[in-house]
Amino acid sequence: HYLAAEMWEEAAELIEQVGPGCIAQGLWNTLEDWICALPPEIRMSHPRLLYLQGVCVWQRGNPYAAQPLLEQALQGFEDAGDEPGQGEVLVDLAICALLQADWERVQTLSSQALACPLSPQSRVQVLMTRAAQAILQENWPQAEADFNEAFSLVEESGDPELQSVFALHCSPVFALLPRGPERIGQVCAQVATLLGDTPSLSRVIVEGTLVFLHLWRGKLDEGIELGERALRFSRRLGGTPYLDVDVAATLAVAYTLRGDDAAADRCFEILFAQAEQLGLDGAFMAGYLYLLGRTRWLQGRLEEAREVYARMLSLRRPDELPLAPLLREMMRGLLEMAAGRYAVAEEIFRRAVAMEQHVRTAALFGSARLLLAYLLLKRNRLREALAEFEPLLAACAREGIPVPGTGEALTPRELEVLRLLAAGASNRAIAERLFISQNTVKTHVARILRKLDASSRTEAVARARELGIL
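Pasting the structure below:
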């Protein structure tokens, strides 16, 4: 009514009041339309309106267009001596810098924001933004410190709004931090309980975040169901661009593991359509392209896999993330192996194994050591393959990561017993081979049966082969 009556100041003040609520509900287009309906001189005299418009623009997926609006808002707050307002804008400028892969600027803006008086919501936002940047650049002490501080703020407050802000910023990279999956799952579960089943932006954010956690824990069916629902809710609300990209990527991997190529292809189409719309920087595209290339390799669509690798090469740049060259090596190794150039592939994979010791983010995309073990197994070099594979199983057991489709991971010793069972060895023969007692063998066999949900040795061996363990 104020806009229709051209009561500009009254309209501006009301928009400033209701703006944060509109953003929380995902009503970005509506809010920006209201702001743009005001005369330019009114907008420029209200830095908070410029700030709200900038937030709407980056939330819709355009941080480059948001940046000048936020910078104008920052200048307005500085001229007014409004330090809390400056802090709010600096937080969102830091988020835009992260989305633009401008790592140095993320650090500068985050430090400036933290020097201002911030609300708990803004503080959690900037800490999670700086933590994400630190993870991507393999600065783990900084990442852990910022993540832990943000989580403590959320846990101590018990504020649902603060929990939603935390969940919004929980991209898959945070699962790599100590207790990351546990803490993310805890906050998301609390928010989900409060929200119920009504579709909302917060609901989409929470469910989208949980999709990756389900896959991380080997719960493919739950992850797929939740991911599809999150995408449906997102479409109903007009889309949540950044979250949709991560959910589509996770679903594509889950469907690939299930052998559902058509569903995987559909999710990759969503992923890359959104990525193109967002204009994602090449720094972020390396991971998504590797997932696509590996899937095409698994599907035997080698020409398409080579095209993906060529695109990965085209995105090389001097300031790229540490992850990018590793993923290119892994993709190249897969292509060399597919071409039968096994010696070249082995050399590439061994180089990638050395590289991934310094790139923890590689865990989000698989393991170069696993690819090397697969190559050695393919070449019938069983002992060497097992030597590469056992540390991976041990790491899964140590970190509580289950084998997909089972409740628990087999230990390296249980894997040895399982291999001997598959060869038809008796308990006595296994005991003699491994220099353990027959009672110990019986214990290992019982655990193998339980973990593989099998009622007999024959069924356990068949189940292991089905899961790709043997």
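The sequence shown begins at 1 in this note's numbering and counts up one residue at a time.
Glycine is no exception: its CB is placed at the ideal position from the N, C-alpha and C atoms.
Since we're looking at a predicted model, the values are computed, not measured.
Checklist entry - What are the start and end residues of the alpha helix (DSSP H) that includes residue 41? => result 40-44
Next on the checklist: Is residue 31 close to the ligand SAH? I mean its beta-carbon at under 7 Å from any heavy atom of the ligand.
Outcome noted: Although the ligand SAH was asked about, the structure shown includes no ligands whatsoever.
Item to check | Unbroken alpha helix (DSSP H) run spanning residue 250, endpoints | outcome: Per DSSP, residue 250 belongs to the alpha helix (DSSP H) from 241-258.
Next on the checklist: Less than 8 Å between the C-beta atoms of residue 63 and residue 99, yes or no?
Outcome noted: yes
Item to check | Beta-carbon proximity list for residue 353, same chain, < 7 Å, skipping 5 on both sides | outcome: 368, 369 and 372
Checklist entry - Which of the three DSSP states, helix, strand or coil, is assigned to residue 314? => result helix
Checklist entry - What number of angstroms, rounded off, separates the C-alpha of residue 285 from the C-alpha of residue 320? => result About 11 Å.
Checklist entry - Thinking C-beta only, is residue 23 closer than 8 Å to residue 49? => result No; because the gap between Cβ atoms is not below 8 Å, this pair is not in contact.
Next on the checklist: Here's a check: name, in chain order, each residue in its chain whose Cβ is nearer than 6 Å to the Cβ of residue 453, leaving out the five neighbours to either side.
Outcome noted: Same-chain partners within the cutoff: there are none.
Item to check | Cβ pair count under 8 Å reaching 3, the stretch 331-339 against the stretch 286-300 | outcome: yes
Checklist entry - Near residue 162, what residues of its chain come up, given a Cβ to Cβ distance below 8 Å and the 5 sequence neighbours on each side ignored? => result 120, 121, 124, 153 and 154
Next on the checklist: Using the three-state DSSP reduction, which class does residue 198 fall into: helix, strand or coil?
Outcome noted: Note: residue 198 maps to coil in three-state DSSP.
Checklist entry - What is the DSSP secondary structure of residue 138, reduced to helix, strand or coil? => result coil
Item to check | Same chain, Cβ closer than 7 Å to residue 407, five either side skipped, listed in chain order | outcome: With a pLDDT of 46 at residue 407, under the threshold of 50, the predicted position of this residue should be treated as unreliable, though the coordinate-derived value follows. Counting only Cβ-Cβ distances below 7 Å, and skipping sequence neighbours, we find 451.
Checklist entry - So residue 221 is in the alpha helix (DSSP H); what residue range does that whole segment cover? => result Looking at the DSSP string, the run of the alpha helix (DSSP H) that includes residue 221 is 220-236.
Item to check | residue 29 versus 224, 40, 52 and 5, residue with shortest Cα-Cα distance | outcome: 52
Checklist entry - Where residue 405 and residue 81 are concerned, what is the direct C-alpha to C-alpha distance, given to the nearest angstrom? => result Residue confidence is low: residue 405 scores 49 on pLDDT, short of 50, so the model does not pin down where it sits. No coordinate-derived value is stated.
Checklist entry - Anyone know if the C-beta pair for residue 240 and residue 204 falls short of 8 Å? => result yes
Item to check | Nearest neighbour of residue 482, chosen from 73, 361 and 210 [CA to CA] | outcome: Because residue 482 is not part of the residues shown, which for the chain are 1 to 470, the question remains open.
Next on the checklist: By alpha-carbon positions, which one of 363, 330, 364 and 357 ends up nearest to residue 374?
Outcome noted: 330
Checklist entry - For residue 433, which residues of its own chain have a beta-carbon under 8 Å away from its beta-carbon, when the five flanking residues on both sides are left out? => result 420 and 425
Checklist entry - Which value, in whole angstroms, describes the spacing of the CA atoms of residue 312 and residue 328? => result 7 Å
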